[in-house]
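There are 4 protein chains.
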Amino acid sequence: MTASSGNSKPVVLLSPAPRGIAEIFRPSTWTALSTEFDVVQSDTGNEFDAVLPSAFAVVGQFDLDAQRLARAATLRAVLNVEGNFLPNVDYATCFDRGIHVLGCGPVFAAPVAEYALALALDLCRGISREDRAFRAGTESYERSTSDSILLRDATVGLIGFGSLGRALRRLLLPFHCAVLVHDPWLPDSALREYQVQPAGLRETVESSTVLFVLATVTADSEHLIGADELDALPHGARVVLVSRAAVVDFDALLDRVQAGRLVAAIDVWPDEPVAVDHRARSMRGLVLSAHRAGGIPSAFLEIGERVLDDLRLVERGLPPVRMQRASRELVHRYRNRPVG
Amino acid sequence: MTASSGNSKPVVLLSPAPRGIAEIFRPSTWTALSTEFDVVQSDTGNEFDAVLPSAFAVVGQFDLDAQRLARAATLRAVLNVEGNFLPNVDYATCFDRGIHVLGCGPVFAAPVAEYALALALDLCRGISREDRAFRAGTESYERSTSDSILLRDATVGLIGFGSLGRALRRLLLPFHCAVLVHDPWLPDSALREYQVQPAGLRETVESSTVLFVLATVTADSEHLIGADELDALPHGARVVLVSRAAVVDFDALLDRVQAGRLVAAIDVWPDEPVAVDHRARSMRGLVLSAHRAGGIPSAFLEIGERVLDDLRLVERGLPPVRMQRASRELVHRYRNRPVG
Amino acid sequence: MTASSGNSKPVVLLSPAPRGIAEIFRPSTWTALSTEFDVVQSDTGNEFDAVLPSAFAVVGQFDLDAQRLARAATLRAVLNVEGNFLPNVDYATCFDRGIHVLGCGPVFAAPVAEYALALALDLCRGISREDRAFRAGTESYERSTSDSILLRDATVGLIGFGSLGRALRRLLLPFHCAVLVHDPWLPDSALREYQVQPAGLRETVESSTVLFVLATVTADSEHLIGADELDALPHGARVVLVSRAAVVDFDALLDRVQAGRLVAAIDVWPDEPVAVDHRARSMRGLVLSAHRAGGIPSAFLEIGERVLDDLRLVERGLPPVRMQRASRELVHRYRNRPVG
Amino acid sequence: MTASSGNSKPVVLLSPAPRGIAEIFRPSTWTALSTEFDVVQSDTGNEFDAVLPSAFAVVGQFDLDAQRLARAATLRAVLNVEGNFLPNVDYATCFDRGIHVLGCGPVFAAPVAEYALALALDLCRGISREDRAFRAGTESYERSTSDSILLRDATVGLIGFGSLGRALRRLLLPFHCAVLVHDPWLPDSALREYQVQPAGLRETVESSTVLFVLATVTADSEHLIGADELDALPHGARVVLVSRAAVVDFDALLDRVQAGRLVAAIDVWPDEPVAVDHRARSMRGLVLSAHRAGGIPSAFLEIGERVLDDLRLVERGLPPVRMQRASRELVHRYRNRPVG
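Those sequence lines, one after another, are chains A, B, C and D. So the first sequence is numbered by my numbering: it starts at 1 and just counts up by one. So the second sequence is numbered by my numbering: it starts at 341 and just counts up by one. So the third sequence is numbered by my numbering: it starts at 681 and just counts up by one. So the fourth sequence is numbered by my numbering: it starts at 1021 and just counts up by one.
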């Protein structure tokens, strides 16, 4: 660690685990951060507690209970670089004191949106399925595409409309889809600003040829898409699951894929790694993906950029704009588990 | 066949093979066509020649040499529903006489563009490759995506910028890519209208992280992308081939995929069906596809709609607008082979 | 003039009147044209007739009757740089012989579209009216805007959907208007590709808060918007007239503006110059404009660029793509008068 | 007023002055508000103080000092419906207690953006100037447009990039302008997400053919655009001033318009109403507007909708999303004066 002493640069306590320094900071970003701030890498509780009273910001997933926060007299911002707001921080105290609680979720919006679109197009056209057939020598030419559909002009449903939903909506614009959105946290008028049609859950599933499950897990959203909703989807509908497995009744989904009622692309699983003998591994109607939608190198490197941008703003007395600002109302609702 | 007699409806000679009637006409389209025109389905030469002198239009890939055209005194339009302009028509005579020569190419722009985007996203993220790994029980979670890239902000090259290139360019808009286009048939200013950067072939391949090969085959474009061009691509570049195999030095491409220098998605092959023991079938860096980009049911049904729309316009004395109008300059250049 | 002799450059006969050389050619364009082609500026019939037999192309509004065309054995293209296809050319012969007949209409699409949008926004917000009030010392502040409306989400009607309509449609995209289009030359499906709603004339006027009159004059479109159509517009509707005055029953329009039933912006007039004592000059509900929508310097200079681009393409044996290609069906229908 | 008693609906204290109830609430919005909340219209301090201890939210520009807030034990939100955050609220206490401080600024983004675009197009084409000429009988036809320019492909500068700048940026998208943005509150990366080019003030003014002044007034932005910046603009540049007059050295701007160096459209003035004999009233190079950009009926009615939407969200324990959330860092910086 670097000792914090004898200079006036703001002290930043840093411990990005499970991310690595080089994973989230480009060399140039790291140089800028180190030059403009007094960066203290703290991996043990003792170091951390020694520096905390003079810290301007902490970057990482540190435990910050009320007692610790009471000692962090100059703390201005807590920057989470893992992706989930976990219950190891006394968020209420942070909000009362005007300490910014910031998350890196926005860096994943673009990669997950691109991935979700890729999965949807794969399901519309059978790309990975036919690649397998080709490798097995059983491909057929041109006239075999009877179950292929265009995404253009299709009716598409989005379950959840946070930063991911908005990023995906932008990618869908040139396809001229009718886009129905179900998001109980947003009023209809807020959705309409994005040229989508607000809809109830039932209406959304009944109309959607392609359904994107984008909602985060809360007490309210667990098994939001149950057997009834799956049965309400049009026959042959495409389901893209990229947020959290728990939002869907997972077994019910697999049953319907197995029966040929639906096809699906799944990036998030109830238990990861998936069991070696899991029935999903051999289902024809699935595109299988091992939690790959968000964690790509450029996204991780964007975390560092956003951290630096927002540290600079807060230091200048301006509001941070690049990371996601946690809100009093929502920060306790998320039930996502940390990255393993 | 239906006899053409005793009414004043314009006579349309129809033989859509290799397409089927029900493949290209929705019931409602067929009803409208049959009601508004005197449709004569002609499958043999004799019938055809008997009706030809009174024909208003022919729909299909009939042989129309100078002699036949000389007898087609009232002919106003020749509508090809197969997709390629073949050398079985005396096009010069058609143009001299103001007979419209129309092709159905535009119906394939949207499905091929969506497919090309799907393939590019698959290559950017390894979707079909990792689906295979998952099925083999060898998937890895999240941290394995080290070769994944975003399409957002990537530099993309398009070889060829006809209706397909334009359709794809629209789909790329929300990705904010830098798009370089090489198309020797179009002046730079025409390209710039589409917010792309005109470029030479060399500049295009040197800059492109993702290269889309969209050019049709002519004497000039055969092996346009040769070994030199492939070697000029950035290491790890993604190549998407969806127009015709002959535009690329195919073996040179496979060599580079095999060597791990490039990855590629291939929908068109020098010989189809592909040999059972073709080396491509087992290459890790390929997405294999059996000529599936264009021929989807909704595209075929759009042929019928466009045929009906343009027949109506021509009958009203207006220019056709829904099918592709062949030009004197280009119709002899295409070397695409007919659908097998 | 420059004599055409002793070299192999294609001969281009040029007489751009009423345009001037420097008005339509930038110096660099002119240099390229003069270098690549043997440009013969011909202002008298004699010169013209002497060079015509060896001409590759003519650029200007020359009279080209059958007799002259018979002598123009090598002619490949006729490029009109005035804007209207006038009845001084034997177009049928041109088409039979595959001589391209090209017009410069596309250069005016962008300036007229921007102007039409500007006029619509002026009418929505009263900009020129309130500028006049301010200059008269009678402006009122902020609370006076009771008749102001947003263009956002408004229902907009377009009468005519050629290159101008398409250019305007693009500018309207971010306003998320419902756009109804009436164009009897285009099938509904062709319109829907532009994300507009095809509609009959009556439906269009009944629904449109803002009506753009963009149609060219033909026998069919004269007084297309008559008293009945004007009365069918919603009270307070905004009418933007930028194509040709004859498309509208002009007196009926002024009557309704005078009565406060409609407001309108008018750039084209039945007789130009407008009479000094014309009642329109003092109407409060008008934005008055003296045929200014298209003729801006950058548009004129774009003519020269498009001429050069297409001459090069035709010379290379490729189809022209930058100017408007006249069609057999439409070229005789236009009744626009030449620029005075 | 309605007494608050004997029911469990959340109490909303309402006094929208200077807005009127019917000005900001549609009948249906008002009915919903009155049904779901216990709305107490309070026009005197006594009433207000009596109800405050039980209030869930206050809607209006009430004075809320520390003493009053101390008595507002159940207060959850303060909703300003005037447009400026004034120094009559103890904002720090609100933030400490998690009381949402919300403003109605977003409703003005669309109308001001449309107005700013209209003014820019007027300046590009001389619309109001030529309307005046036409009324004076001095119009000239078509060839007089020598100072007209297209907005398409122009280089445009935006000073300030809040909700207004973003709304305007969207409207500019189809014009394919190069857009430079100077906003010292936002990091470059945040700007680039909107497909604009971050730039210093000097670079912005030196490059901009059209300059939009959109910044709010703070200690830092007063006279941000001074004589030096105005002199750095290209000759003939168009300046659109729609935020606050104080951001510009107003006299220096008028000097340059008077001298023919620049043209400008001005909606906000140092003193309103403007003096009867103000020199601006007769300047040819100006478009004059009397603070009309934002205050249109539909915008005022949108205030009521947003108030209702956010009251509902806060009551459900969710974060408000429709109004602008004041931030600790910025709320004290604004120096805009209230609506007169």
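Idealized CB from N, CA, C, for every residue including glycine.
(message) Any beta carbon of chain G sitting closer than 8 angstroms to that of D:D1142?
(response) Annotation note: the requested chain G is absent from the structure, which comprises protein chains A, B, C and D.
(message) Below 8 angstroms on the Cβ atoms is my contact criterion, and I expect C:G783 with C:M1003 to pass it. Report the Cβ-Cβ distance as a whole number of Å.
(response) In the third sequence, residue 783 of chain C corresponds to position 103, counting from 1. In the third sequence, residue 1003 of chain C corresponds to position 323, counting from 1. Between C:M1003 and C:G783 the Cβ distance is about 6 angstroms, and since that is below 8 angstroms, they are a contact.
(message) Measuring straight from C-alpha to C-alpha, what distance separates A:L121 and C:L866?
(response) Counting from one through the first sequence, the residue named residue 121 of chain A turns up at place 121. Counting from one through the third sequence, the residue named residue 866 of chain C turns up at place 186. Inter-residue distance for A:L121 and C:L866 is about 32 angstroms (C-alpha atoms, whole angstroms).
(message) Run through chain D and tell me which residues come within less than 7 angstroms of C:T795, C-beta to C-beta.
(response) As a first step, residue 795 of chain C must be located in the third sequence, where it is residue number 115. Checking the sequence, you will find Tyr at residue 795 of chain C rather than Thr. Per Cβ cutoff of 7 angstroms: R1145.
(message) I'd like the span of the beta strand (DSSP E) that includes A:G60, first residue to last.
(response) In the first sequence, counting from the first residue as 1, residue 60 of chain A sits at position 60. That run of the beta strand (DSSP E) goes A55 to G60.
(message) Tell me which residues of the segment 181-197 of chain A have at least one Cβ-Cβ distance to chain D shorter than 8 angstroms, keeping chain order.
(response) Answer set for the segment 181-197 of chain A: W185, L186, P187, S189 and A190.
(message) Let me check understanding here. Comparing Cα to Cα, which of B:S382, B:L593, B:T544 and B:V545 lies closest to B:A567?
(response) Residue mapping note: residue 567 of chain B aligns to position 227 of the second sequence, counting from 1. The alpha carbon of B:A567 has as its nearest neighbour, out of B:S382, B:L593, B:T544 and B:V545, the alpha carbon of B:L593.
(request) Note down, in chain order, every chain D residue with its Cβ under 8 angstroms from the Cβ of C:R777. (result) In the third sequence, residue 777 of chain C corresponds to position 97, counting from 1. By Cβ distance, chain D contributes nothing, its closest Cβ being about 34 angstroms from C:R777, past 8 angstroms.
(message) Which residues in chain B have a C-beta closer than 8 angstroms to the C-beta of C:D989? List them in chain order.
(response) Position 309 of the third sequence holds residue 989 of chain C. Within 8 angstroms Cβ-Cβ: P527, S529 and A530.
(request) Determine the extent of the alpha helix (DSSP H) in which C:F814 is found, giving its start and end residues. (result) For the purposes of this step, residue 814 of chain C is taken as the residue at position 134 of the third sequence. I807 to R815 is the span of the alpha helix (DSSP H), which, as asked, contains C:F814.
(message) Cutting at 6 angstroms between CB atoms, please list the residues of its own chain near A:G160, excluding the five before and the five after it.
(response) As a working mapping, residue 160 of chain A is identified with position 160 in the first sequence. Around A:G160: D183, L214 and A215.
(message) So if I threshold CB-CB distances at 7 angstroms, which residues from the segment 317-331 of chain A count as touching chain D?
(response) Of all residues in the segment 317-331 of chain A, those with a C-beta nearer than 7 angstroms to a C-beta of chain D are G317, L318, P319, V321, R322, S327, R328, E329 and L330, reading in chain order.
(request) Check whether the Cβ of B:E470 lies closer than 8 angstroms to any Cβ atom in chain A. (result) If you number the second sequence from 1, residue 470 of chain B lands on position 130. Yes, contact with chain A.
(message) What does the Cβ neighbour count give for A:S327, buried or exposed, with the cut at 16 atoms within 10 Å?
(response) Taking the first sequence and counting its residues from 1, the one referred to as residue 327 of chain A is at position 327. The residue in question, A:S327, is buried, as its Cβ has 16 or more Cβ neighbours within 10 Å.
(request) Output, in chain order, the set of chain D residues within a Cβ distance shorter than 8 angstroms of C:L851. (result) To locate residue 851 of chain C, count along the third sequence from 1; it is residue 171. In chain order: P1194 and F1195.
(request) Give the range of the alpha helix (DSSP H) segment to which D:T1362 is assigned. (result) For chain D, the structure presents residues 1021 to 1360; residue 1362 of chain D sits outside this window and is missing.
(request) Mind checking which residues open and close the beta strand (DSSP E) that includes D:F1232? (result) Position 212 of the fourth sequence, counted from the first residue, corresponds to residue 1232 of chain D. If you look at D:F1232, you'll find it in the beta strand (DSSP E) that goes V1230 to V1233.
(message) Suppose contacts are defined by Cβ-Cβ distances below 8 angstroms. Is C:V885 in contact with C:L891 by that definition?
(response) Numbered from 1 along the third sequence, position 205 holds the residue referred to as residue 885 of chain C. Numbered from 1 along the third sequence, position 211 holds the residue referred to as residue 891 of chain C. A Cβ-Cβ contact shorter than 8 angstroms links C:V885 with C:L891.
(message) Measuring straight from C-alpha to C-alpha, what distance separates A:V12 and A:R166?
(response) Start at 1 with the first residue of the first sequence, and residue 12 of chain A comes out as number 12. Start at 1 with the first residue of the first sequence, and residue 166 of chain A comes out as number 166. Here the alpha carbon of A:V12 sits roughly 32 angstroms from the alpha carbon of A:R166.
(request) Figure out for me which residue from A:W269, A:A110, A:L286 and A:L318 has the closest Cα to the Cα of A:A259. (result) Position 259 of the first sequence, counting from 1, holds the residue named residue 259 of chain A. Comparing alpha carbon positions, the residue from A:W269, A:A110, A:L286 and A:L318 closest to A:A259 is A:L286.
(message) Using a 10 Å radius around the Cβ and a threshold of 16 neighbouring Cβ atoms, would you call B:G680 buried or exposed?
(response) The residue you call residue 680 of chain B lines up with position 340 of the second sequence. Note on B:G680: pLDDT 45, under 50, position unreliable in the model; the coordinate value appears next. Per the 10 Å Cβ criterion, exposed.
(message) Going by DSSP, what residue range makes up the beta strand (DSSP E) through A:I159?
(response) Mapped onto the first sequence, residue 159 of chain A falls at position 159. That run of the beta strand (DSSP E) goes T155 to I159.
(message) Under 8 angstroms: do the segment 767-777 of chain C and the segment 725-732 of chain C share three or more Cβ pairs, one atom per stretch?
(response) No, the segment 767-777 of chain C does not touch the segment 725-732 of chain C.
(request) Assuming B:T585 and B:V608 form a contact by the criterion Cβ under 8 angstroms, report the distance between their Cβ atoms to the nearest whole angstrom. (result) Reading the second sequence from its first residue, position 245 is the one you call residue 585 of chain B. Reading the second sequence from its first residue, position 268 is the one you call residue 608 of chain B. Per the sequence shown, the amino acid found at residue 585 of chain B is Ala instead of Thr. B:A585 to B:V608, Cβ: 5 angstroms. Contact.
(request) Measure the C-alpha to C-alpha separation of B:A357 and B:E422 and round it to an integer number of angstroms. (result) Looking up residue 357 of chain B in the second sequence gives position 17. Looking up residue 422 of chain B in the second sequence gives position 82. Straight across, the Cα-Cα distance linking B:A357 with B:E422 is about 8 angstroms.
(request) State the beta-bridge partners of D:I1119 as determined by DSSP. (result) The sequence position of residue 1119 of chain D within the fourth sequence is 99, counting from 1. Looking at the DSSP assignment, D:I1119 forms no beta bridge with any residue, so it has no partner.
(message) Using a Cβ-Cβ cutoff of 7 angstroms, what residues of the segment 619-631 of chain B are near chain A? List them in chain order.
(response) So the list reads R621, S622, V627, L628, S629, A630 and H631, given in the order they occur along the chain.
(request) Grab me the residues of A:T2's own chain with a C-beta within less than 8 angstroms of its C-beta, minus the 5 sequence neighbours each way, in chain order. (result) As a first step, residue 2 of chain A is located in the first sequence; it is residue number 2 there, counting from the start. Residue placement at A:T2 is flagged as unreliable, the pLDDT there being 45, under the threshold of 50; a coordinate-derived value is accordingly withheld.
(request) Using 10 angstroms around the beta-carbon of A:E193, count the other beta-carbons present and answer buried if the total reaches 16, otherwise exposed. (result) Mapped onto the first sequence, residue 193 of chain A falls at position 193. Result: exposed.
(request) Have a look at C:S828 and C:T835 and give me their C-alpha separation to the nearest angstrom. (result) Indexing the third sequence from 1 puts residue 828 of chain C at position 148. Indexing the third sequence from 1 puts residue 835 of chain C at position 155. Roughly 15 angstroms between the two C-alpha positions.
(request) On a CA-only basis, which of C:R1015, C:A960 and C:L713 is nearest C:A899? Give me that one, please. (result) As a working note, residue 899 of chain C is residue 219 in the third sequence. Nearest option by C-alpha distance: C:R1015.
(message) Quick check on C:G1020: does DSSP put it in helix, strand or coil?
(response) For the purposes of this step, residue 1020 of chain C is taken as residue 340 along the third sequence, with counting starting at 1. Because the pLDDT at C:G1020 is just 45, under 50, the model does not fix this residue reliably, and the point stays unresolved.
(request) Can you tell me which of C:R699, C:S695, C:T754 and C:R706 puts its alpha carbon nearest to the alpha carbon of C:D743? (result) Locating residue 743 of chain C in the third sequence gives position 63, where the first residue counts as 1. Nearest Cα to C:D743 within the set C:R699, C:S695, C:T754 and C:R706: C:S695.
(message) According to DSSP, is B:V579 part of a helix, a strand, or is it coil?
(response) Indexing the second sequence from 1 puts residue 579 of chain B at position 239. Looking at B:V579 - three-state DSSP - the assignment turns out to be strand.
(request) Would you please state the rounded distance, in angstroms, between the beta carbons of A:L117 and B:F474? I believe it to be under 8 angstroms. (result) Your numbering for residue 117 of chain A matches position 117 in the first sequence. Your numbering for residue 474 of chain B matches position 134 in the second sequence. Not a contact, Cβ separation roughly 20 angstroms.
(message) With a threshold of 8 angstroms between beta-carbons, can B:F365 be considered close to chain A, or not?
(response) Taking the second sequence and counting its residues from 1, one reaches residue 365 of chain B at position 25. False, the Cβ-Cβ gap to chain A never drops below 8 angstroms.
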